[in-house]
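Visitor: Just dropping this structure here.
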Amino acid sequence: MTKRITRAALLTALALILFVAEAQIPPLVPIPGVKLGLANAVTVWAMFSLGPADTLAILLARILLGSVFAGSVSAAIFSLSGGVLCYLAMLLLRRILTESQMWVCSVFAAVCHNAGQLLAAILVYRTKGLALYFPVLMLSGIVTGLFTGLTAQLVARRLGRRG
Amino acid sequence: MPRGKLMLPALLLCLLLCACGKAAERSVGFFAMDTYMSVRAVGADEETLAGCRSLAEELEAKLSVTDADSEIAALNAAGRGILSPETAELLRRALALCGETEGALDVTVYPVVRAWGFTAGAYRVPTSEELTQLLQAVDYRGVEITGEGSVLLPPGVELDLGSVAKGYAGDRLCAYLREKGVKSAILDLGGNVQALGGKADGSPWRVGIRDPDGDGMLGVVSIRDEAAVTSGGYERFFTDAEGRVWWHIIDPETGYPARNGLLSVTVVGPEGLRCDALSTALFIMGQEKAEAFWRADRGFELALVTEDGVLRLTPGLYTRFEPAKDLRCTLEVIPDA
Amino acid sequence: MLKTRAWIAIVAAAALVLGLLSWYTLTKKGSGSVVEIVQDGKVLRTIDLDLVAAEYSFTVECPEGGSNTILVQPGRICVAEADCPDRICVHQGWLSDGAAPVVCMPHRLVLRLKDGEEADAVVR
Numbered sequence: 195m196t197k198r199i200t201r202a203a204l205l206t207a208l209a210l211i212l213f214v215a216e217a218q219i220p221p222l223v224p225i226p227g228v229k230l231g232l233a234n235a236v237t238v239w240a241m242f243s244l245g246p247a248d249t250l251a252i253l254l255a256r257i258l259l260g261s262v263f264a265g266s267v268s269a270a271i272f273s274l275s276g277g278v279l280c281y282l283a284m285l286l287l288r289r290i291l292t293e294s295q296m297w298v299c300s301v302f303a304a305v306c307h308n309a310g311q312l313l314a315a316i317l318v319y320r321t322k323g324l325a326l327y328f329p330v331l332m333l334s335g336i337v338t339g340l341f342t343g344l345t346a347q348l349v350a351r352r353l354g355r356r357g
Numbered sequence: 150m151p152r153g154k155l156m157l158p159a160l161l162l163c164l165l166l167c168a169c170g171k172a173a174e175r176s177v178g179f180f181a182m183d184t185y186m187s188v189r190a191v192g193a194d195e196e197t198l199a200g201c202r203s204l205a206e207e208l209e210a211k212l213s214v215t216d217a218d219s220e221i222a223a224l225n226a227a228g229r230g231i232l233s234p235e236t237a238e239l240l241r242r243a244l245a246l247c248g249e250t251e252g253a254l255d256v257t258v259y260p261v262v263r264a265w266g267f268t269a270g271a272y273r274v275p276t277s278e279e280l281t282q283l284l285q286a287v288d289y290r291g292v293e294i295t296g297e298g299s300v301l302l303p304p305g306v307e308l309d310l311g312s313v314a315k316g317y318a319g320d321r322l323c324a325y326l327r328e329k330g331v332k333s334a335i336l337d338l339g340g341n342v343q344a345l346g347g348k349a350d351g352s353p354w355r356v357g358i359r360d361p362d363g364d365g366m367l368g369v370v371s372i373r374d375e376a377a378v379t380s381g382g383y384e385r386f387f388t389d390a391e392g393r394v395w396w397h398i399i400d401p402e403t404g405y406p407a408r409n410g411l412l413s414v415t416v417v418g419p420e421g422l423r424c425d426a427l428s429t430a431l432f433i434m435g436q437e438k439a440e441a442f443w444r445a446d447r448g449f450e451l452a453l454v455t456e457d458g459v460l461r462l463t464p465g466l467y468t469r470f471e472p473a474k475d476l477r478c479t480l481e482v483i484p485d486a
Numbered sequence: 479m480l481k482t483r484a485w486i487a488i489v490a491a492a493a494l495v496l497g498l499l500s501w502y503t504l505t506k507k508g509s510g511s512v513v514e515i516v517q518d519g520k521v522l523r524t525i526d527l528d529l530v531a532a533e534y535s536f537t538v539e540c541p542e543g544g545s546n547t548i549l550v551q552p553g554r555i556c557v558a559e560a561d562c563p564d565r566i567c568v569h570q571g572w573l574s575d576g577a578a579p580v581v582c583m584p585h586r587l588v589l590r591l592k593d594g595e596e597a598d599a600v601v602r
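Protein chains in written order, with this note's numbering: chain A, 195 to 357; chain B, 150 to 486; chain C, 479 to 602.
If you want it as structure tokens, here you go:
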């Protein structure tokens, strides 16, 4: 049990470090909501290696602590709605994907995360016009999800080899 | 059956072509009478629109007070002269409106407006002695005009038809377009809006009334074959060294910018000339007198914005007014009696 | 289990479709000239860009701290300066260049074109 908690805490810390480090990088494209989402790599890896329960704990802890570090409560609303949708997508895909297809899971997770976030933004800002960002944010989810997914897969393979 | 399959696309194409043919709306924009004018007309050809422009320029050449070659400038310079029939008729109508508004509108206030610098943009606050001096020559009743258009001005009196010129131009342009067979048009003559008919689809034109206290709109009013003219202090004003705000609507009574509790006055009525003259006169009169004037006349609709943030509409305007979603003013209906 | 090859095809196809859609939505021109400045879903200010005669700017404070300076010019509007971490709102540029709203996520601020209730002309 202790080992499990320690592992989850460690992964949460790792996800947070990635999250905070990424926030320091200036945005590549001037489109709100587009970001790399490196922390996603941790979540995807956890989903395949540790199972749904631990992943949910890590994800929620990261979102809450991440919002605290980012210093904005509102960020938590968007993160949370994105995170929940992303988690549900992973839960479904995990059953039909092999470990070498982890990147597919990551892609869908990122797409769902962005979609969930935008949905929350439309509701909070009461601005239907934001729906114009759906295609570009989903596209960005594919690209960034691919990147983080392959990262997670690479890490999994290295870790697996060492045993 | 291939024929049946072709029917639907063919029908759709026909519909599309009809729709395109119907909505042939042309527009033209140009500078005239010291402002930007635009005309949007349904079913007008390029020639007709070009005609609008030359008509406006023609009027400017006759009426401009700053253009030394104009009839009005020549009259001001000489103190007497013979006006063309059109200008003479406009002057008669303007003088009648001055009388009707008991001098709230006064076509001879020009020397005072000039002293404030509103004609050249070199703003200053004249001394009260200077204003008293200038006001001696402000009285529309001194202007004599004969049936032939011969005008005699008392010494020092100068005419300016600027307060009615744009409204009159709207009437002239609408009459011209109607003559050319145009049934639907909307004119924006530097903020004076005048509609010919309704929109092509039969609905009325939607005219926004500007919020005098911001960049937004108070709401939208539907008009058909009518003009809408607003007078407000927010359009042209300056702030002096002591931070006081002076706007361009001068009260001919005092020589100072009219400050009688109103921020803007919008007049909607069938005639651009009358709307133009009344919006200025009612702004100068202030809320109470303006509303009393409306009750006695009833030939137009009125929207007042008071300094304490109340939007007051005549009942007839209220029924076709659609307030902006974020309207900050209190909405009130001007009592009928 | 689907073959990896099949997944690649699915993702690539989705990316292609979304790419085309994105291009369409981001280059789409907005209609209307009335802009709303919205914070937390509440309209703070409405500006008709067609009525703006001279350039001006103003600052919107975020209740949780931070601010955005909004620049208004005849016919267009943008966030000129902001102290949010990513400053995406500033990089987004003029709202009038497209229909998509300008957003400052950290400060919950949106500049958007107002839909509906458009007027054919404005009397002023």
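Yeah, the Cβ is synthetic: ideal placement off N, Cα and C, and Gly gets one too.
Per DSSP, what kind of secondary structure is His585 (chain C) in: helix, strand or coil?
Guide: coil
Visitor: When DSSP builds the beta bridges, which residues end up paired with Leu336 (chain B)?
Guide: B:Val188, B:Gln343
Visitor: Check the Cβ of Glu384 (chain B) against every Cβ in chain C and list those closer than 8 Å, keeping chain order.
Guide: Per Cβ cutoff of 8 Å: Arg602.
Visitor: Looking at the C-beta of Leu529 (chain C), does it have a partner C-beta in chain B at a distance below 8 Å?
Guide: yes
Visitor: Would a check of beta-carbon distances place Thr537 (chain C) closer than 8 Å to chain B?
Guide: no
Visitor: Here's the rule: buried if 16 or more other CB atoms are within 10 angstroms of the residue's CB, otherwise exposed. What is Thr505 (chain C)?
Guide: exposed
Visitor: Since I believe Ile372 (chain B) is in contact with Arg189 (chain B) (beta carbons under 8 Å), could you give me their beta-carbon distance rounded to a whole number of angstroms?
Guide: With a Cβ gap of about 14 Å, Arg189 (chain B) and Ile372 (chain B) do not count as contacting.
Visitor: Could you say which of B:Gly200, B:Ser176, B:Asp457, B:Thr463 lies nearest to Glu328 (chain B) if we only look at CA atoms?
Guide: B:Gly200
Visitor: Any residues in the segment 325–348 of chain A with a beta carbon nearer than 7 Å to a beta carbon of chain C? Which ones, in chain order?
Guide: Leu326, Tyr327, Pro329, Val330, Met332, Leu333, Ile336
Visitor: By the DSSP assignment, the beta strand (DSSP E) with Arg355 (chain B) in it spans what residues?
Guide: 354–359
Visitor: Give the residues of chain A in contact with Trp570 (chain C), contact being defined as C-beta atoms less than 7 Å apart.
Guide: Residue 570 (chain C) is actually Gln in this sequence, not Trp. Under the 7 Å cutoff, chain A gives Pro224.
Visitor: What are the residues of the segment 347–368 of chain B that lie near chain C, defined by any Cβ-Cβ distance shorter than 8 Å?
Guide: Lys348, Trp354, Arg355, Val356, Gly357, Ile358, Arg359, Gly363, Asp364, Gly365, Met366
Visitor: Within 10 Å of its beta-carbon, does Glu278 (chain B) have 16 or more other beta-carbons around it, so buried, or fewer, so exposed?
Guide: By the neighbour-count criterion, in which 16 or more other beta carbons inside 10 Å mark a residue as buried, Glu278 (chain B) falls on the exposed side.
Visitor: Can you tell me which residues form a DSSP beta bridge with Val601 (chain C)?
Guide: B:Ile358
Visitor: Give the DSSP-derived three-state secondary structure of Leu313 (chain A) in the structure shown.
Guide: helix
Visitor: Leaving out the 5 sequence neighbours to the left and right, which residues in its chain are closer than 8 Å to Lys171 (chain B) when beta-carbon positions are compared?
Guide: Residue placement at Lys171 (chain B) is poorly supported in this model, since its pLDDT is 45, which falls under 50; the coordinates still yield a value, given next. Only Ala349 meet the Cβ criterion.
Visitor: Using a Cβ-based criterion (distance less than 7 Å to any ligand heavy atom), does Ile548 (chain C) qualify as near the ligand MG?
Guide: In the structure shown, the ligand MG is absent, as is every other ligand, since no ligand is present at all.
Visitor: Below 8 Å on the Cβ atoms is my contact criterion, and I expect Ala314 (chain B) with Met182 (chain B) to pass it. Report the Cβ-Cβ distance as a whole number of Å.
Guide: 6 Å
Visitor: Using only CA atoms, which one of A:Phe263, A:Met241, A:Thr196, A:Ile316 lies nearest to Leu212 (chain A)?
Guide: A:Phe263
Visitor: Find the residues of chain B that neighbour Ile525 (chain C), judging by a C-beta separation of less than 7 Å, and give them in chain order.
Guide: Asp364, Gly365
Visitor: So what does Arg554 (chain C) bridge to, in DSSP terms?
Guide: C:Gln551
Visitor: What's the gap between the Cα of Phe432 (chain B) and the Cα of Gly519 (chain C)?
Guide: 37 Å
Visitor: Name the residues in the segment 204–231 of chain B whose C-beta lies less than 9 Å from a C-beta of chain E; which are they?
Guide: Protein chains A, B and C are contained in the structure displayed, whereas chain E is not.
Visitor: Would you say Gly170 (chain B) lies against chain C (beta-carbon separation less than 8 Å)?
Guide: In this predicted model, Gly170 (chain B) has a pLDDT of only 43, less than 50, meaning its place in the structure is not dependable; the value taken from the coordinates is given anyway. Judged by the 8 Å Cβ criterion, Gly170 (chain B) is not in contact with chain C.
Visitor: Assuming Gly511 (chain B) and Ile525 (chain C) form a contact by the criterion Cβ under 8 Å, report the distance between their Cβ atoms to the nearest whole angstrom.
Guide: In the structure displayed, chain B extends from 150 to 486; residue 511 (chain B) sits before or after that span and is not available.
Visitor: Name, going along the chain, the residues of the segment 403–430 of chain B whose beta-carbon falls closer than 9 Å to a beta-carbon of chain C.
Guide: Ser413, Thr415, Val417
Visitor: Quick one: which chain A residues come within Cβ less than 9 Å of Ile566 (chain C)?
Guide: Pro221, Val223, Pro224, Ile225, Pro226, Gly227, Val228
Visitor: Look at the Cβ atom of Val601 (chain C), then the Cβ atom of Val378 (chain B), and state whether they are nearer than 8 Å.
Guide: The Cβ atoms of Val601 (chain C) and Val378 (chain B) sit closer than 8 Å to each other.
Visitor: So for Ser176 (chain B), helix, strand or coil by DSSP?
Guide: strand
Visitor: DSSP three-state call for Asp194 (chain B): helix, strand or coil?
Guide: Coil, per DSSP.
Visitor: Output the distance between the C-alpha atoms of Trp443 (chain B) and Glu450 (chain B), rounded to the nearest integer angstrom.
Guide: 8 Å
Visitor: I need the straight-line Cα distance from Glu440 (chain B) to Ile483 (chain B), nearest angstrom please.
Guide: 7 Å
Visitor: Look up Ala473 (chain B) in the DSSP assignment and say whether it is helix, strand or coil.
Guide: coil
Visitor: Which residues in the same chain have their Cβ closer than 8 Å to the Cβ of Tyr327 (chain A), if we skip the five residues on either side of it in sequence?
Guide: The beta carbon of Tyr327 (chain A) sits closer than 8 Å to those of Ile225, Pro226, Gly227, Leu312, all from its chain and outside the five residues before and after it, given in chain order.
Visitor: Whose CA, out of B:Gly382, B:Gly311, B:Gly298, B:Lys438, lies closest to the CA of Glu456 (chain B)?
Guide: B:Gly382
Visitor: For Val521 (chain C), which residues in chain B fall below 7 Å Cβ to Cβ?
Guide: Asp475
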